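Comments concern the structure below.
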Ligand code: ADP
Ligand code: NA
């Protein structure tokens with residue numbers, strides 16, 4: 035079959051949590067392992083997306099470094115995959131501008147992530163005028179920048195979570211709009227690869243997803259947590275008062291989440307985990323969770339600690355990744371600009 039270009043990005047939000055890992059990043063490593071040798075894999079740390087919301091510069095700088103080290107620690111191989119910082123390849127911004135000029139405001143206003151940001155702004159009273167007045171133009175145009183990230187490399191496959199599906203639809207639409215505008219099939223219309231993973235929930239509030247931004251630090255497990263940190267967080271996880279172990283995400287979200295975590299860390303099916311632990315107590319379930327998480331994250335943590343000792347090397351990996359990315363990006367932009375008469 036034809037060679038594919040796979041593109042995916044993650045924001046520089048520091049060390050990822052278990053939800054990021056099982057929900058997205060583990061699949062990056064699996065794609066790298068399973069891709070045909072002629073397929074191209076491109077993984078980007080998207081700093082220009084991060085600044086659509088206010089950032090503390092010192093913290094952002096550290097988190098850029100930590101996410102790069104994390105991606106290397108989980109097994110992204112910079113010799114096989116192009117691994118780079120989006121903000122070191124200026125062509126992302128250049129193509130985003132061009133696509134901005136081909137995107138109607140109406141289309142962007144219908145994007146649900148924008149509508150939910152607007153709803154939050156309205157409900158928490160930060161926007162007294164009940165409109166989008168204080169939200170930035172960059173945040174509004176976020177999905178266009180994302181489309182530029184993908185199209186810049188003429189990507190054909192994009193692994194995204196369910197929550198990003200609509201953004202990819204906009205990207206597909208923009209590829210088509212551009213091709214029709216210049217009357218030439220410059221951009222392949224990319225297809226999504228839905229990540230085969232369950233949502234990991236907060237350990238403190240299993241009605242919410244595990245998230246970097248939740249105030250309770252013990253609601254999430256970071257991929258670099260020590261064994262003791264993992265054990266303490268799992269032991270304090272909210273469960274319920276029903277005896278035995280079943281998988282029932284609606285009425286038993288806490289217990290079901292722990293089953294999901296075991297399954298995600300060990301590749302044992304949910305059914306098999308539940309069958310094996312059916313008569314066990316919650317304490318024993320938590321013991322199994324700690325073992326499963328440690329067996330998955332122990333090697334990642336040790337690799338992270340090793341990698342973090344040489345920040346010069348981490349920067350060098352980024353520099354080389356950006357060079358490779360830029361070579362491809364420049365080629366696309368020459369084509370794009372020529373077609374537009376620029
Ligand atoms: P966060 O919500 O912690 O800020 P992001 O929104 O930056 O995480 O998500 C980065 C990636 O990780 C996305 O692909 C997203 O779908 C995935 N992801 C985030 N949280 C979870 C979770 N709790 N379970 C599964 N996947 C998740
Ligand atoms: Na988020």
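Residue numbers (UniProt numbering): 35 to 376. We put the beta carbon where it would ideally sit given N, CA and C, even for glycine. Predicted, not measured: the structure shown is a model, and the values here were computed from it.
In the three-state scheme derived from DSSP, where H, G and I count as helix and E and B as strand, residue 67 is classed as helix. Separation of residue 136 and residue 219 (C-alpha to C-alpha, rounded to the nearest whole angstrom) is 16 angstroms.
Collapsing the DSSP output to three states places residue 260 in coil. By the Cβ rule, the region 203-218 does not count as touching the region 149-159, because fewer than three pairs are nearer than 8 angstroms. In this structure, the ligand ADP has no non-hydrogen atom nearer than 6 angstroms to the beta-carbon of residue 157. Excluding residues up to 5 positions away in sequence, 37 lie with their Cβ nearer than 7 angstroms to the Cβ of residue 72 in the same chain. In this structure, the ligand ADP has no non-hydrogen atom nearer than 6 angstroms to the beta-carbon of residue 278. Set against 6 angstroms, the gap from the CB of residue 48 to the closest heavy atom of the ligand ADP is not smaller.
Judged by beta-carbon spacing, residue 234 lies within the 7 angstroms limit of residue 52, meaning their Cβ atoms are closer than that value. The three-state reading of DSSP puts residue 238 in coil, since its state is none of H, G, I, E or B.
Boundaries around residue 288 are those of the alpha helix (DSSP H), 287-300, since no beta strand (DSSP E) includes it. Contact check for residue 341 against residue 314 fails: the beta carbons are separated by 7 angstroms or more. The DSSP assignment places no complete beta strand (DSSP E) segment of no fewer than 3 residues inside the region 119-156. In this structure residue 157 is exposed. Its beta-carbon is surrounded by fewer than 16 other beta-carbon atoms within 10 angstroms. With a threshold of 6 angstroms, the Cβ atom of residue 244 counts as near the ligand ADP, since some heavy atom of the ligand is closer than that.
Not one heavy atom of the ligand ADP lies closer than 6 angstroms to the C-beta of residue 134. Under DSSP, residue 41 shares a beta bridge with 76. For residue 227 against residue 193, the beta-carbon gap comes to about 4 angstroms, under 8 angstroms, which counts as contact. Residue pairing for residue 51: DSSP places it in a beta bridge opposite 256. When only Cα atoms are considered, residue 93 and residue 265 end up about 27 angstroms apart. Here DSSP, grouped into helix, strand and coil, assigns residue 277 to coil. Out of 331, 346, 362, 366, the CA that lies nearest to the CA of residue 107 is found in 331. In the DSSP assignment, residue 304 falls within the alpha helix (DSSP H) that extends over 304-311. Residue 58 has its CB nearer than 6 angstroms to a heavy atom of the ligand ADP. Between the alpha carbons of residue 241 and residue 287 lies a gap of roughly 7 angstroms. C-alpha of residue 325 to C-alpha of residue 185: approximately 42 angstroms in a straight line. Distance from the CA of residue 201 to the CA of residue 180, rounded to the nearest whole angstrom, comes to 8 angstroms.
At least one heavy atom of the ligand ADP lies closer than 6 angstroms to the C-beta of residue 234.
Counting only residues of its own chain and dropping the five nearest sequence neighbours on each side, residue 362 has a CB closer than 6 angstroms to the CB of 187. At a cut-off of 6 angstroms, the beta-carbon of residue 213 does not count as near the ligand ADP: no heavy atom of the ligand is closer than that. Contact between residue 323 and residue 307 is ruled out by a C-beta separation of about 10 angstroms, above the 8 angstroms threshold. Spatial neighbours of residue 281 in its own chain (CB-CB distance under 6 angstroms, excluding positions within 5 residues in sequence) are listed in chain order as 290, 293, 304, 308. The nearest non-hydrogen atom of the ligand ADP is 6 angstroms or more from the C-beta of residue 72. Residue burial annotation: residue 250 is exposed, with fewer than 16 other C-beta atoms found within 10 angstroms of its C-beta.
Membership of residue 193 in any alpha helix (DSSP H) is not indicated; the residue belongs instead to the beta strand (DSSP E) covering 191-194.
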